[in-house]
Each structure stands twice: as structure tokens, then as C-alpha cells.
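Per the working numbering, the sequence shown starts with residue 1, numbered consecutively.
Below is one structure, written out as C-alpha cells; the observations come after it.
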Amino acid sequence: MPLLEPSPTALRPSEREESAPDLVPAGLAGGTPEPLRGELSALLGPGKVLSGISDLVRYASDASPYRFLPQVVVVPESAEDVAAVMRYARDKGRKVVFRAAGTSLNGQAQGEDILVDVRRHWAGVEVLDEGARVRLGPGTTIVRANTTLARHGRVLGPDPASAIACTVGGVVANNASGMTAGTTRNSYRLVSSLTVVLPSGTVVDTGAPDAAERLAAAEPELCAGLMALKAEIEADAALVARIRAKYEIKNTNGYRLDAFLDGDDPVSILRGLMVGSEGTFGFISEVVFDTLPLERLNSTALLFFPSLPAAAAAVPKFNEAGAIAVELMDGNTLRASTSVAGVPADWADLPKDTAALLVEFRASDEAGREANERAAAGVMESLELVTPVASVTNAFTREAKVIGGYWKARKAFVTAVGGTRPSGTTLITEDFAVPPSRLAEACEALLELQTAHGFDAAVAGHAAHGNLHFLLAFDAAKPEDVRRYADFMDAFCASTVERFDGSLKAEHATGRNIAPFLELEWGPRATELMWRIKQVMDPEGVLAPRIVLDRDPKAHLRGLKTIPKVEAVADPCIECGFCEPTCPSHNLTTTPRQRIVLRREMMRQPGGSAVENGLLDAYGYDAVDTCAGDSTCKLACPVGIDTGAMMKEFRHQRHSDREERIATYTAKDFKVVEGGARLAVASAEKISDRLLTAVTRTARKAVRPDLVPEWLPEIPGAAARRLPRTGKSAATAVYYPACVNRIFGGPEGDYEPSLPQAVVLLAGRAGKPVWIPEDVSGTCCSTIWHSKGYEDANTVMANRVVEAAWGWTGGGRLPLVVDASSCTLGIAHEVVPYLTPENKELHEALTIVDSLVWAAEELLPELTVHRRVESAVVHPTCSMQHLGDVDQLVELAGACAHEVVVPDDVGCCAFAGDRGMLHRELTESATAAEAAEVTARPFDAYLSANRMCEVGMDHATGGRGYASVLMQLERATRPPRG
């Protein structure tokens, strides 16, 4: 063990819940048992098998109210790997469940035996036919696919609220639809073909010209079984009529029986059956979608009504007028949405019975939009709307920012309401559909049921399609609460089926919580057919047992998840997984959701248990050390949970008193530290990279990897000792060169002058000179200490830099321009909690401006571009996302290059100051997809606006030479000689 390695017990919970009924038993503390672990490692290779107790626990939870611990997690890289796992399971009598994003709301992504992660190595987008079709890997998120398709003016049909996180595989396997898909734009209608790995290991591409022949040769019994079922179904006229009627409204409960009516042969039947099969028939390794035109001209309104039934009654009118989306939100949903950034605060004061409709029309041209708005105006004349709070406008708008805010509130339904539930309660998300004409009646019935069973649920949904969602919160650790939930479900399912002939699952798929009610909806004849289909497709019963079919009438009450209280910043988490794709460590160690899941299991455990000890042993590296601390999880989370902040606090808890004292010393004497760092970098230029790497690696082993950085060849040389000379009297702004730009120089090659020189030249060229204070040395944005959890040191520097900035800017008379985005974020926002009351007042008077915003808004209009390179690729940093100035980076790059590319796979580089040197594997993992995209073609310029992020991207891309966009702008606007 390294000399200064912190004790894992430093993070042992001091307060915990009483022992929970779903805690992991002590017998599993050792992780995956033998021979399972050894056999799968031998079959796939040890790198594809996750077997520690921490691995099993972090995969045991998803967005659903259920929790099942797998025996092992495998991470296959190819269809051959998946086939090998399924053959192994068949031969050994084991069960397999596939998991992609884990955003399923009914437990489909959980298994009790072999769990297969089909997200990590399964992303990919290939545009076909100029965008008319697209080939997608099952691990591709919907947002990622649409990002590429947007350049071709196309979009996928399914648009679930979880599009930021949910993956193509899950969307197809559940036939998830979303806001606009309805019954015509969903996966069943738009999947052109798919590639399936069957339980036998046979791989079938339904789009191949010889698919029918190959399937018949490989799986003759399956083909015969499917055709026999088709004949039987078509011979029963009443059953055919029933099947057709069931799919007139949204329905994902059970298997797609209409696949036998729509398909002519085993291949086409298989294609249809796989949609909505929830991983019970095979693994979908690739999907080809027919895409839809992307209509960019929107007209949108958020309309308020006195009650839920009143809002529901207006839905058919907008449907008839041609609205693409009509979304319903009740009062509970609207009030809970105030936790979402940008939602008006006065929504918290909305009356309980208030409801709203989010109505959107879309068009491809201006004439179409004007026609839509005329149709909408006609409907509006007949409505009785209310204006219960000042922010309500009840008007259609074209403004993108306002429209985006409406949709953000709507899409946050589950997470926002879940975040306001009582601490310690489990969240159930129900999803049903009725004929749209009976939506108002169904709303009244639902409200009556909730009241009768003591629930105050939140309701929202895709009202245009008669599809409602509602949320219930109860304590799964209390038997009386579970009984109340069970009684409600019995009554709700009976009402939906018997009174409305509705669908018990409209778009979330059957899952564990509706499987016991499948026969209630479909009747015994159709349900037994589904059991027989399962037997034909998976005769050994290997795949996803109990997820669609379950004869246990109480199966929905099994495995309910308790939610122990954890640290306040993370306690609202409902484990939805929206945070995962943006997390830099999501392909390396853990995600924000998993960090919270692991913490909750510690809270379930008795203090000092073998399971808790095992979790703590792994948590230091898996959760704390490999968190970049970039807090992009906060941006992705609809309720703003900042897991990065929790990890920084855990770093603080792990520090020894001696470490804290040393850190405080470095803050107090930072001028000396800064000079020493510049000298060390200058000295390093005279030593070979190979030797420096060897020396630092040895030191890391002896001391501690999280304290000693590893030397990387991409680390730049030292900055000039002196900053450019500037004058104070005529300055229009105070220019603050960040300490990283005072220590490190620019990239090797053509970039001259340095960044500080470039900023001064640009300012003078634009007629807006800047002043660099003589005493900037020894000051810092404080991020160095903040990111590592050194609170006293952070406090010292935070107050110092604000006091200095107050003096430099003449008490806030001039703006403070900062030339590194992370430093702008630090001074503008992150220092505030650590300031004295007096310095908080000083800070409020300061105008802190990122150099990108300042250059785009103040300098660029006054500059003349004399030369552009042909192409530039930009790397927007995570700090730019927090600050909201990514557009300015692109704008400035556009002044420098004819073509500007923002990579589709752009994300946080995870270099995070020096974390990329402490854990280079973190940056390498975080940047892998973006780097592959960048290095696939040459660019003339590689641009960003944060020196260490530029170093991180250089490391990722083999030294492409990333530099500040301001340096490139100086070159572009430099007057020609002569």
C-alpha cells in the first residue's frame, strides 16, 4: 500500500437506517461465487467480467422501484461474446438479462443471475441513404443519434423524455415512444431491420437479402413454430379483431401479437416480435431505422386550466387542429417542477387542482407554421383558461428559449416529482392509455382511486394519445405501505381494463410490475399464446425470466427497493440514470447514479459488516478518485443533483490533518508555489519525457497515486516569466491571466504570441485595451483546492482573489476578464460559499466575464478578419457548459475557420486541472469517442479555451496541438504586412 493511502473507513457512514429488508446478505460480500466467475472469465477474458461486490451492487438498481442483485456482470464487446454467454447459460441452466442504460421504469434491466451490460461497447451511428435511414448500435442514446441525424434534416420517431440517457436497444426492446410517437412513429412502425442474437447463439440480420434462407437453415424449429402460431391466430377471427383493436391505442403490455398479422414469413415476424420483447427473445445487436423529416419551425404554448379533467377535455380539439404534441401536467407536477432550473418560481403557488397542457405544432416552412398558428388560434377561442400566477401567459410562442424551458419542465416529470418525495420513500411510475376520447373520464377515475387509497399522486402524460403517467411514493420497508400499494394496483388495473378497455402499459413495457396483470388485460387465450411464443423463441427459458410473463399474482410486490437516506446533496436522487452518459468515468469505474446507489447500500448495512467493508474498499478509487469533479451530472440531472460536490466532500473527509495544513500553506504562499511550478516545468524541458514518466510513476507507487501526478509528454513548456506590459489609465477591462496560463506556455508549433500577449493584442486592435495588474501572481481562482476538497485552503484563496479583484476593478467599475473557462466558473460562482459575509458583498459588485464572451461580444464586432483556415474542430469544456458560453466558442472559431466542427461525441475531457495526470486512464476513457472522431480526419486548427483541457485533448488525440481560440483569433485578425 502507498505510504499516504487514506483509510477506507474514513467514509464509513456515521448515521444509518435500521437494517433494511433488501440489504445485500453477508454471504455475497466476496462477490461472484466460483465456479461462475472463473468459467465466465475463461470464456470471455477476465476484463469482460465484473465480479466484485461493488460491481454487483452498482448494477442492482435502475430507474425502477425494484432491486435485484446479479450474481455476475459481463461486459461483452461483440455479438460473438453475447452468443457465447447465452450458450453458456443454456448449458449451465442459468439465466441472462440484458441491461443498456438502465432507465427502464419497470425493472426490465435487472436480473438475479447473469447480467449483461450492452451499453459500454455498443454505441455507433451510421447514416444511410442521406439520412432517410440510420444504422444504430443498441448502446447509442437517442440524443446522440438525433445529433448526427439533425445535420441531414432527419430525426428518429421515438422521442422518450429520457432521450438524453436511454439507448436505442432499450427503446426498441420496450417499444418506448414518448411525446410525439404515438402509434405511428414508434419502433414497431419505423424499424426497417434489426440484427438479433437468438438464445441458441444464432445471429440473424433481418435486413439481409438471404435472411429467410439463413434463418430457416439455422433455426428450422423456430421458423416452423412461428408459422404455426401465425396460422392459428389468423384462423381465429375474434382474436384477430381483438389484436387489431388493442393496438389502435398505445400498448406495450405483452408481446406484439400483431407481428403475426403484419409479417408474412419467419423473418418479418421475428422483426416485429423483437420490438417490445424486453430482452426475452434475444439480443438486438444492431437496428436500422427509417427516419422522419426534422421539422424545425415550432409554435408552442403552455396553457393552464382549472382542473385535470378540464385540461383533458381540451385535448381532442388540439388533436383535430394538427398538434404534434399535447402534453398534460397536473398541479403536483407543475409545483414540483420549480426544482428544475429555469422554471418560474411562482409555479410553487399554483392551486392544487390546476393543470396545464403543453401544446406544440411543428412545420418545415414558414407557410406551414402560419397555418398551424391559425389553427391553434381557432382552438384557443373555445377554451376557458386560468391565470393563477403572474408568470402564466397562455399564449403560443416561437421563442426557442421559452419553448425549451417548457419542455425541460415536462421531461423532468419523473425526476422532479421524485426529488420532492418524502425522504426514504420508493417511487413507482405507472403508465397507461385509454381511448383519447375518454381521457377526461379516465383522469376523474384516477383521482378518485388515488384519494381512496391515500395517495396524492402526480399526473402527466402524452394526452394526445390518451397516455397518462402517474407517480406514487411509499415506504417499501413498511408492510402496511406495500399493502396499500398492492390494493391500489388491483383497483387501478381493474378500472383501466374493465371500465376503459385500456392498456396497462402504453409505452414503458410490461416489466415486473404489470406482468401479474397481463392476463387481466389480454384474457386467457391471448396470454397463453404469449407463453407459447416464449417457448418457441427461448425453449430453455434462458432470457429475462419473470419480466414479461409471470404466473405469480404478487410478483409486482417482490424485490421492491428501499431508499435509505444519504447525504443531503444526493438524497433526492431517484436513480433515473439521466446523469450517466455525461459522466467522464461512466466507461471506466462508476457513474453518479452508481456512486449514490453504492452509498445507499452502505446505509442499509450494519456498521462494520463484510459487505460494507467490501464496498468501502472499492469506493475510494471507483467513486471518489475517478470522479472528475466537473459536475456535468448536475447539468444532466433535471433537479440539479451535484454528485461531483459529494465526491469533493468525501475527498475532504479522507484528508489527514497534515494534508489539510500543507494545502493551506500552499494557498497562503501561492506566489512561491506558482514560481516554483513554473521553474519545475522549465527544468523538465531539459529532461527526457521517458525519464520524467519513470520517476513520477515510481513516486506514485511509493506515496499515493492521487497525490503525485504522472508526467505526460503532452505537458507544455513553461510560460514566460513576465506578463505583457499594459496600462491602467485607458483600460476598458481588467484582464486576469489564470495561474495555469502563467505557469504553462502554449502548444509547440506556429502559435505565437502567447495567450496573454494575444489577448492584449486583440484588445488593443479592437480599441478596447485591457490592464493586467502587477500583483496577479500569487492569486488563483481557488479551483485547485476546491476540486480536491481542501476546504481551509479553498477559503483562503477564495477570499484573497475576491478582495484582489475588488481592488483591481475599482470596486467593480471595470469587468474582470478571465482567460480560462474553469477559472471564470471558479471566481464567478464556486468561490461564493467560502467567502466571508463582507467579501460576499464585494463579490456581488464584481462583473466577472469569461474571455470567450468578452471577445465575442466586445472585440469581434470591432475586428477585421484577414485570413481564415479551412477547418477547425472545437472542444467545448465542461466549464463552458456551466457558464453557457459554448455558442461563443463556436462563434469565435467561425471567425477563424470556414468550417467549424463540434464533435458529436464531445464531452468533458476529465483532465480537471491535474486529475488527468493523477489518473490518466480517466481522461483516456472520457475522451475516447471524441478523440476517435477528431482523429478520423485532419483539421487546420484545434481550439478550446482552457489550457489543461487543451493538454488533455492533446493527450487523447496524439498531440494535435489544441490551443485557445483567442490565439487563433489573433492570427486571423492580424493585419497583413505592408
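C-beta: ideal position from N, C-alpha, C; glycine also.
- When secondary structure is reduced to three states using DSSP, D885 falls in the coil class, being assigned neither helix nor strand.
- A83 is positioned such that its CB atom lies no closer than 7 angstroms to that of G169.
- Y735 sits away from V849, with the two beta carbons spaced by 7 angstroms or more.
- Straight across, the Cα-Cα distance linking T795 with D914 is about 20 angstroms.
- In the three-state scheme derived from DSSP, where H, G and I count as helix and E and B as strand, A458 is classed as strand.
- Counting only runs of at least 4 residues, the region 47 to 74 fully encloses the following alpha helix (DSSP H) elements, listed from N- to C-terminal order: 53 to 58.
- Taken atom to atom, the span from the alpha-carbon of L969 to that of L198 is near 55 angstroms.
- One thing to note: L918 has its Cβ no nearer than 7 angstroms to the Cβ of D689.
- Look at N741 here: in three-state DSSP terms it is helix.
- DSSP places N253 in no beta strand (DSSP E); its state is neither H nor E.
- For V482, the uninterrupted alpha helix (DSSP H) run begins and ends at 479 to 494, by DSSP.
- Linking C780 to N839 through their CA atoms gives a straight-line distance of about 16 angstroms.
- A direct Cα-to-Cα measurement between P861 and Q888 gives close to 13 angstroms.
- Only residues of its own chain outside the window of five on either side were considered, and among them D885, Q888, L889, A945 have a CB closer than 6 angstroms to the CB of L852, listed in chain order.
- Its Cα nearest to that of R37, the residue P70 stands out among P70, E5, Y59, V24.
- For the pair P592 and V379, the Cα-to-Cα distance works out to about 44 angstroms.
- Close CB contacts of A699 within its chain, under the 8 angstroms cut and outside five residues either way in sequence, are with V708 (chain order).
- Straight across, the Cα-Cα distance linking H843 with G778 is about 19 angstroms.
- One alpha carbon belongs to A237, the other to M602, and they sit about 57 angstroms apart.
- Straight-line measurement puts the Cα of T783 at about 16 angstroms from the Cα of T632.
- The C-beta separation of L504 from F432 comes to about 6 angstroms, placing the pair in contact by the 8 angstroms criterion.
- Between V611 and V24, the gap from beta carbon to beta carbon is short of 7 angstroms.
- Looking at K668, P584, C739, W854, the one whose alpha-carbon comes closest to that of E924 is P584.
- Here the region 249 to 262 lies against the region 499 to 515, with 3 or more beta-carbon pairs under 8 angstroms apart.
- For D265, DSSP assigns no beta-bridge partner whatsoever.
- Put simply, of G424, L261, L215, A208 the residue whose alpha carbon is nearest the alpha carbon of A231 is L261.
- DSSP places D330 within a strand segment (E or B) once states are collapsed to three.
- A distance below 8 angstroms between beta-carbons, with the five flanking residues on each side excluded, links H898 to the following residues of its chain, in chain order: R868, V869, E870, S871.
- Bounds of any alpha helix (DSSP H) do not take in S729, whose DSSP letter is neither H nor E.
- Taken atom to atom, the span from the alpha-carbon of K788 to that of D630 is near 12 angstroms.
- For D346, the closest alpha carbon among the candidates L303, L755, V392 is that of V392.
- G907 and P479 have their alpha carbons spaced roughly 44 angstroms apart.
- Looking at the DSSP output, S193 bridges to V288.
- Judged by DSSP secondary structure, T666 falls within the alpha helix (DSSP H) whose first and last residues are 657 to 668.
- In the DSSP assignment, T824 falls outside any beta strand (DSSP E) and within the unbroken alpha helix (DSSP H) covering 821 to 825.
- Note on geometry: alpha-carbon atoms of H586 and L922 lie some 10 angstroms from one another.
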